[in-house]
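Chemist: Residue numbers (my numbering): 5 to 360.
Glycine included, C-beta positions come from ideal geometry on N, C-alpha and C.
Sharing a structure, written as structure tokens. Questions coming.
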Ligand code: 5AD
Ligand code: FES
């Protein structure tokens, strides 16, 4: 095996921090043998922290309206062909009730940046879910808001917040977003969320247009610095009605390799095998788990709206009922020696501020 890469993997696995040059080598000199070695180490860490449990998150895509215009995203405001919908509070609560019966103990409310859902409305939804399911965690994934808004959500009982940083390089960020969105603002939001005691998730797309290994290394260094509780990564997949329609998708192989590295950099991190990973390969999510991931996020949205929340083309499970996905994923995990856990699946060493 290429010994410099193996030595770097060993150092990471032993808890050492790698510098930019070393991370570049780890990416540039990777090969299939090194990847297998990395995955073995990543699984060992994952088994020591989480055993063979896979945590379940029920994703509720509650609004497909978005005021932003990210160049990669299928629900960007300029996509006039996108079908827009909003779920009512009652519909959201029905999704949660159904999810609860299926063993879900975390609900992720995800949507575009939709001003219709004012802070007050979000607070009311979070409160209602926590009241109906006090043993469940509520995760918000609704984009950039003010620190004051985030404070209100936390006070209402929201436990976690997902806000992918998308890329930690300002030049690359500007190639993926219109000027109204900036990396500085995004980082500020993540800092606020952490300070307010949320379990925080950041993340990025793999193989997004213009991305280089240097950018990916900046992403890894950013993770080292922020120390998020969760990291969501998945391959970029083009959407036909966006400026990036003609770009190629990110690779399975590189996504898996990065999952393995992230598991070693942040041993306790909650790391999903994402729907995008399952979209670019029929057993992508299984491969993600075997590379060190420990979370899956099946869809709990009503079937009537599923095919309207398309961030990218060919998204899987848009025709399936929540129960079907739960069963399907249970089987998929069992076949590779893992088990879906009926638990909130919190970050193991939470500071006092993050406990609810
Ligand atoms: N391909 C893959 N992932 C995407 N996302 C948005 N559009 C795409 C796409 N075309 C991801 C972004 C966002 C998350 C909700 O979905 O990283 O933060
Ligand atoms: Fe939805 Fe397999 S996870 S059908």
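Taking 7 Å as the limit between beta carbons, can you name the residues of its chain near residue 132, skipping five residues before and five after?
Modeler: The answer, listed in chain order, is 93, 97.
Chemist: DSSP on residue 35, reduced to helix/strand/coil?
Modeler: Coil at residue 35, not helix or strand.
Chemist: Give the secondary structure of residue 156 by DSSP, where H, G and I count as helix, E and B as strand, and everything else as coil.
Modeler: Reduced to three states, the DSSP call for residue 156 is helix.
Chemist: Is the beta carbon of residue 293 closer than 9 Å to that of residue 16?
Modeler: Contact flag unset, no.
Chemist: So what's residue 361 in DSSP terms, helix, strand or just coil?
Modeler: Residue 361 is absent from the model: the chain starts at 5 and stops at 360.
Chemist: Is residue 121 near residue 67, with beta carbons less than 9 Å apart?
Modeler: In contact: residue 121 and residue 67 (Cβ atoms closer than 9 Å).
Chemist: Could you give the distance in angstroms between the alpha-carbon of residue 319 and the alpha-carbon of residue 307?
Modeler: Cα-Cα distance, rounded: 14 Å.
Chemist: Looking only at DSSP bridge pairs, what is residue 377 linked to?
Modeler: A query on residue 377 cannot be resolved here, the shown segment of the chain reaching from 5 to 360 and no further.
Chemist: Taking contact to mean at least 3 C-beta pairs separated by less than 8 Å, is the segment 241-257 in contact with the segment 208-227?
Modeler: Touching, yes.
Chemist: At a cut-off of 8 Å, is residue 320 close to ligand 2 when judged by its beta-carbon and the heavy atoms of the ligand?
Modeler: The answer is yes for residue 320.
Chemist: Compare the Cα-Cα distances from residue 142 to each of 237, 275, 60, 342 and report the closest residue.
Modeler: Ranking the options by Cα distance to residue 142, first place goes to 60.
Chemist: Note the first and the last residue of the continuous alpha helix (DSSP H) segment covering residue 226.
Modeler: That run of the alpha helix (DSSP H) goes 217-230.
Chemist: Please identify the residue among 201, 91, 64 whose C-alpha is closest to the C-alpha of residue 356.
Modeler: When each option's Cα is compared against that of residue 356, the closest is 201.
Chemist: For residue 206, verify whether its CB is less than 8 Å away from any heavy atom of ligand 2.
Modeler: Residue 206 Cβ: outside cutoff for every heavy atom of ligand 2.
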